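Below is one structure; the comments refer to it alone.
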Amino acid sequence: MAFTHLHRFYLPTYFPKPQTLSTKLSLLPTPSLSKLLNRSHFSSLLAAEPLPVAESTIAAEPFDSRIEIPRDRLFVPPETDVACDSSDLCARVLKGSNIVLSKYVRDAKVDEAEFVKSSVRTEDCPSDGLPEFALVGRSNVGKSSLLNSLVRRKKLALTSKKPGKTQCINHFRVNDSWYLVDLPGYGYAAAPQDLRTDWNKFTKDYFLNRSTLVSVFLLIDASIPTKKIDLDYASWLGENQIPMTLVFTKCDKRKKKKNGGKRPDENVSNFLELIRGFFETAPPWIMTSSVTNQGRDEILLHMAQLRNYWLKH
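For the sequence shown, the positions run 1006 to 1318 when our numbering is used.
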């Protein structure tokens, strides 16, 4: 069964119907983020102080991350004009993603971040009405590492070599205006069955009933072949019309025979092909690495345009 991936508050035009244009857009030659931010036609849309780009994000990548994207598989934010030639549209696609930049891209820089509280029930979460983005994924997928990378704080979120350490809904307030939320990991077999059941119960309750949730960022390990549990989680989010962005982690890893002998970009392409069976329209996705900071700035820009649209509507 296919699901139309609609945000609970987004307009239907958020995901355009497939178009007849079959132009392929390559992610490899798209401009670097620093050049993109300096383009004249984006100067009036961004914050006065552009988002700084980490040196590691513009360094040469250890693998060929070329992924061809048909135009109808791009993620086009609401109120975004795509009636332009292919070269201009290609320049507006964030590197290592299928996400088109919109007029709502501003205030993406992280100035400060702080831990606020841990909750075991949705009703115990902060009640100040600020927009929030939830990070969820299989245990040991790199949630805490990605969170620390986003805010440039090594120990803001606890990281552990032993999976399954996050057992609560953890809220981190960013710039005193929005939240990053670290949710319990799923699929860790060594965790007690009763704990795993409770985690799934309160996490899904949070997804279904948290009115300030802007989007769920579902983390997928790109260094290994696709896991059925990740496909099941993505399909559940789609079936329940929970807004979702796919975040592929560990994209700096080189292929290993024990992990199927495929590069991260090959695993990403495979997951995206399989996920097409669940959705009528393409969810947004980004390739990342907390080691090299690949995708950090792109995630923050994506969050910014979702957040600003949410605040307006």
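By construction, the Cβ of each residue, glycine as well, lies at the ideal position given by its N, Cα and C atoms.
Since this is a predicted model, take the numbers as computed values, not measurements.
Helix, strand or coil at residue i according to DSSP, with G and I counted as helix
i, result
"I1247", "coil"
"D1302", "helix"
"V1252", "strand"
"T1035", "Residue confidence is low: T1035 scores 33 on pLDDT, short of 50, so the model does not pin down where it sits. Its coordinate-derived value is still stated next. T1035: coil per DSSP, three-state reduction."
"E1137", "strand"
"Y1184", "strand"
"L1161", "coil"
"K1118", "Here residue 1118 is Ala; the residue named in the question, Lys, does not match the sequence. Looking at A1118 - three-state DSSP - the assignment turns out to be strand."
"L1270", "It should be pointed out that residue 1270 corresponds to Asp in this sequence rather than to Leu. D1270 falls in the helix class under three-state DSSP."
"L1176", "Looking at the sequence shown, residue 1176 is not Leu but His. In this structure, H1176 counts as strand in the three-state DSSP scheme."
"D1112", "coil"
"R1143", "strand"
"V1156", "helix"
"F1283", "coil"
"L1223", "strand"
"L1234", "Residue 1234 is actually Ile in this sequence, not Leu. In the structure shown, I1234 sits in a helix (DSSP, three-state: H, G or I)."
"S1132", "coil"
Neighbourhood of residue i by C-beta distance below 7 Å, restricted to the same chain and skipping five residues each side
i, result
"R1078", "N1103, A1287"
"S1097", "In the sequence on display, residue 1097 carries Arg and not Ser. V1105, L1106."
Pair within 8 Å by beta-carbon distance, residue i and residue j
i, j, result
"V1219", "W1315", "yes"
"P1131", "V1121", "yes"
"L1224", "W1183", "no"
"L1213", "D1187", "no"
"D1226", "T1127", "no"
"V1125", "F1207", "yes"
"C1256", "T1231", "no"
"S1149", "N1298", "no"
"S1295", "G1147", "yes"
"A1239", "F1283", "yes"
"P1269", "S1216", "no"
"I1280", "L1242", "no"
Residues near residue i in its chain [Cβ-Cβ closer than 8 Å; skip 5 each side]
i, result
"D1181", "E1117"
"K1317", "Y1109"
Cβ distance (whole Å) where residue i is taken to contact residue j below 8 Å
i, j, result
"L1099", "L1306", "6 Å"
"V1252", "V1179", "Going by Cβ atoms, the distance from V1252 to V1179 rounds to 17 Å, so no, they are not a contact pair."
"N1175", "S1123", "5 Å"
Own chain partners of residue i with C-beta closer than 6 Å, once the 5 adjacent residues on each side are dropped
i, result
"Q1172", "P1189"
"T1250", "S1220, F1222, P1289"
"A1113", "L1056, L1305, L1306, A1309"
"L1277", "none"
"E1119", "R1178"
When the Cβ atoms of the stretch 1107-1124 are set against those of the stretch 1301-1315, are three or more pairs found closer than 8 Å?
-> yes
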